[in-house]
Structures are given as structure tokens and as C-alpha cells.
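Please read the structure below before turning to the comments.
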Amino acid sequence: VQSAKMAALRTQSANNLKQIMIALHSYETANGHLPSTGFRDPKSGMERSWRVEILPYLNRQDLYDLYHKDEPWDSVANQEVLKKMPTLFAFPGTVGTDTPYLAVSSPDGGLTLSKEGKAPRFQDATDGLNGTVFVVETKPMVPWTKPVDAADIEAVRNTPIHNGLGFHVGLGDGSVVFVAGSIDPLVWKAITTRSGGEMSTSK
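Under the numbering used here, the residues of the sequence shown are numbered 4 to 206, in order.
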């Protein structure tokens, strides 16, 4: 029974990540680029999470409009938005306002700015979209509106969220796959960079 329950939670988490990847593709189609980690509002210069930026593409324009974009993520007003976390940002079986779904923000990571300081695009993943990780499940989790992501990819690999077995990743082609915590460190490094010259795939 416990095994079946864990399998169901794992499937639900994969579905959550799938919806997030679809939203990222919709965002890029509409804006011509992806939301970057450490996204800064063009008017206020205030930093906010890409998870906030994709809200309209998750049918949560109402929540996006409530977010005060000229204030820090933890301002009094934005704390109210934090409390209204969409269900798909939550790790199945948990309660609260923390999310395990973080973007790879290490150098040359999927949602990091380009070397020219420009917003990333899927076409920047010259290693191949089906071999480039953009979003990962991580442990520990973070407040979903906080502009913090996975800079330490080794920490992600070393602390697999699913009973120590592994974690899901969202690839640039929109697919979601399960990665074992025992994945070779060199392969893991290859698939968490978008233009490192490697053509590795986790599939």
C-alpha cells in the first residue's frame, strides 16, 4: 500500500512539472524569450521568481495581478500572494508554501541569462532540447515566490527527493523524466548545461 501511494505521488509530481514546462513554452511563444532566474522587473528593477512570471500561462492571471512587482517577494502585500500558492507548485503530499520545482541556475543553466546578459531562449540550448535540463525537483524546498533556484547541481544529485532514489527533471523539449540519484556526475553536468558541447540525453 505504501509503495502504491509513493508511486502515485511520484506520478502527480511528474504531472506538476509537465504543466510547468508547458507554461514555459507558452511564455516563450508569447514573449520571444524565457523568464530568467533572477528576473528583474523592467520598471522597478525588483527581482522576482520566474514562477511568478509564468502564472498567466498557468491560468492564474488573477494571482499574477495581485503580486506587487515593485516590492520584494516577501513584502507584506506579496506575503499574501505567497499564501495562495497554486497546487501544482506544491510537492504532492505536503502542505505550506514551499516548492521543490527550481530552475537550473548554475552557469550555462537553462534559465540563466546569456553571456550577453540577454533573456534565455530555448534555441540557446545548442546541446539539444531533449538533453538539456531546465527545471528540477529539489530538496530542501523554497518559498514558491522567492527568487531562488538550483545553483548547486551537485546538491540536487546528492539529495534525491523521492526516498533517496532520484528526482524528476523537465527537459527543454517539454518532456519530464526521472533521474536516478546514482546518475554519473559527468552525465549530470552535461545535461544541466545548455551549450557545453555535449549531446548527452537522459532518456
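By construction, the Cβ of each residue, glycine as well, lies at the ideal position given by its N, Cα and C atoms.
(request) Report, in whole angstroms, the separation of the C-beta atoms of residue 22 and residue 95, which I expect to be a contact under 8 Å. (result) Within the sequence shown, the letter at position 19 stands for residue 22. Within the sequence shown, the letter at position 92 stands for residue 95. Wrong, their Cβ atoms sit about 13 Å apart, outside the cutoff.
(request) Decide if residue 189 is buried, meaning its Cβ has at least 16 other Cβ atoms within 10 Å, or exposed. (result) Against the sequence shown, residue 189 aligns to sequence position 186. By the 10 Å Cβ count, residue 189 comes out exposed.
(message) Could you tell me the alpha carbon to alpha carbon distance between residue 38 and residue 100, rounded to whole angstroms?
(response) Here the question's residue 38 lines up with position 35 in the sequence shown. Here the question's residue 100 lines up with position 97 in the sequence shown. Roughly 21 Å between the two C-alpha positions.
(request) Taking the CB atoms as reference points, tell me whether residue 123 and residue 50 lie closer together than 8 Å. (result) The sequence position of residue 123 within the sequence shown is 120, counting from 1. The sequence position of residue 50 within the sequence shown is 47, counting from 1. It is not a contact, given that the beta carbons lie outside the stated cut-off.
(request) Please confirm if residue 138 has its CB atom under 8 Å from at least one CB of chain D. (result) No chain D appears in this structure, which consists of one protein chain only.
(message) I'd like the span of the beta strand (DSSP E) that includes residue 101, first residue to last.
(response) Working through the sequence shown from its first residue, we reach residue 101 at position 98. First-last of the beta strand (DSSP E) with residue 101: 101 to 106.
(request) Decide if residue 185 is buried, meaning its Cβ has at least 16 other Cβ atoms within 10 Å, or exposed. (result) Walking along the sequence shown from the start, residue 185 turns up at place 182. The residue in question, residue 185, is exposed, as its Cβ has fewer than 16 Cβ neighbours within 10 Å.
(request) Would you decide whether residue 26 is buried or exposed? Buried here means 16 or more other CB atoms lie within 10 Å of its CB. (result) To locate residue 26, count along the sequence shown from 1; it is residue 23. Counting Cβ neighbours within 10 Å, residue 26 comes out buried, since at least 16 surround it.
(request) Keeping to the same chain, check which residues put their C-beta closer than 7 Å to that of residue 146; ignore five residues upstream and five downstream. (result) Position 143 of the sequence shown, counted from the start, is the residue given in the question as residue 146. Same-chain partners within the cutoff: 85, 100, 101.
(request) Could you name each continuous beta strand (DSSP E) segment of 3 residues or more that falls completely within the region 120 to 158, going from the start of the chain to the end? (result) 136 to 146
(message) Please tell me whether residue 92 and residue 63 are closer than 8 Å, where the distance is taken between their beta carbons.
(response) As a position in the sequence shown, residue 92 is number 89, starting the count at 1. As a position in the sequence shown, residue 63 is number 60, starting the count at 1. At the C-beta level, residue 92 and residue 63 stay beyond 8 Å of one another.
(request) Rounded to whole angstroms, what's the CA-CA distance from residue 113 to residue 42? Just pull it up for me. (result) As a working mapping, residue 113 is identified with position 110 in the sequence shown. As a working mapping, residue 42 is identified with position 39 in the sequence shown. C-alpha separation (whole angstroms): 13 Å.
(request) Could you check which residue in 157, 125, 105, 200 has the C-alpha nearest to that of residue 177? (result) Along the sequence shown, read from residue 1 onward, the residue named residue 177 stands at position 174. The shortest Cα separation from residue 177 among 157, 125, 105, 200 belongs to 125.
(request) Flag this pair as yes or no: are the beta carbons of residue 107 and residue 153 separated by less than 8 Å? (result) Numbered from 1 along the sequence shown, position 104 holds the residue referred to as residue 107. Numbered from 1 along the sequence shown, position 150 holds the residue referred to as residue 153. Cβ distance < 8 Å, so residue 107 and residue 153 count as in contact.
(request) Pick out the complete alpha helix (DSSP H) segments inside the region 49 to 95, 4 residues or longer, and give them in chain order. (result) 53 to 56, 64 to 69, 79 to 85
(message) Measuring straight from C-alpha to C-alpha, what distance separates residue 168 and residue 181?
(response) The residue labelled residue 168 in the question sits at position 165 within the sequence shown. The residue labelled residue 181 in the question sits at position 178 within the sequence shown. Spanning the two alpha carbons is a distance of roughly 10 Å.
(request) Keeping to the same chain, check which residues put their C-beta closer than 6 Å to that of residue 69; ignore five residues upstream and five downstream. (result) For the purposes of this step, residue 69 is taken as residue 66 along the sequence shown, with counting starting at 1. 84.
(request) Can you say whether residue 134 is buried or exposed, counting buried as having 16 or more other CB atoms within 10 angstroms of its CB? (result) The count along the sequence shown starts at 1 and reaches residue 134 at position 131. With 16 or more other Cβ atoms within 10 Å, it is buried.
(request) Kindly indicate the opening and closing residues of the alpha helix (DSSP H) around residue 190. (result) Here residue 190 is taken as the residue at index 187 of the sequence shown, counted from 1. Its alpha helix (DSSP H) spans residues 188 to 194.
(request) List the DSSP bridge partners of residue 171. (result) On the sequence shown, residue 171 is found 168 positions in, with the first residue counted as 1. The partner list for residue 171 (beta bridge, DSSP) reads 181.
(message) In the DSSP output, what is residue 165 paired with across the bridge?
(response) Counted from its first residue, the sequence shown places residue 165 at position 162. Answer by DSSP bridge pairing, in chain order: 169.
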